[in-house]
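Following: one structure in structure tokens, then a few remarks.
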Amino acid sequence: MNSFAAGTAGAAAVGAWFPAIGAGAGVSSAYASLLASRMGANNDGNGVIVDMTWAAVYNVSPR
Numbered sequence: 001m002n003s004f005a006a007g008t009a010g011a012a013a014v015g016a017w018f019p020a021i022g023a024g025a026g027v028s029s030a031y032a033s034l035l036a037s038r039m040g041a042n043n044d045g046n047g048v049i050v051d052m053t054w055a056a057v058y059n060v061s062p063r
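Everything in the sequence shown is counted per my numbering, starting at 1 for the first residue and increasing by one.
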């Protein structure tokens, strides 16, 4: 998850030349980074359960 966030952050740098693409990549990078940090905070060694709706609203709970 962290590598995805880093990759989309790199794509956000393209926003200097193409602002619309950079904005979309920046939002997805922030979303992936937040999800990764929530997964890391809830992982106590047994994994996590991620409940996600069609609107990409999620809840992370430990197993």
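A virtual CB, placed ideally from N, CA and C, is assigned to each residue, including glycine.
Sub-9 Å separation of Val48 and Ser61 beta-carbons: On the sequence shown, residue 48 is found 48 positions in, with the first residue counted as 1. On the sequence shown, residue 61 is found 61 positions in, with the first residue counted as 1. It is a contact, given that the beta carbons lie within the stated cut-off.
Pull up the distance between the alpha-carbon of Tyr58 and that of Met52, whole angstroms please. Within the sequence shown, residue 58 is the residue found at index 58, counting from 1. Within the sequence shown, residue 52 is the residue found at index 52, counting from 1. Those two C-alpha atoms are separated by around 4 Å.
Can you look up Asn42 in the DSSP assignment and give me helix, strand or coil? As a first step, residue 42 must be located in the sequence shown, where it is residue number 42. Of the three classes helix, strand and coil, the one that applies to Asn42 here is helix, per DSSP.
Helix, strand or coil at Val27 [DSSP, three-state]: Along the sequence shown, read from residue 1 onward, the residue named residue 27 stands at position 27. Here Val27 sits in helix by DSSP.
Taking Cβ to Cβ, would you say Tyr31 is nearer than 9 Å to Ala55? Residue 31 sits at position 31 when you count from the first residue of the sequence shown. Residue 55 sits at position 55 when you count from the first residue of the sequence shown. Their beta carbons are not under 9 Å apart, which means Tyr31 does not touch Ala55 by this criterion.
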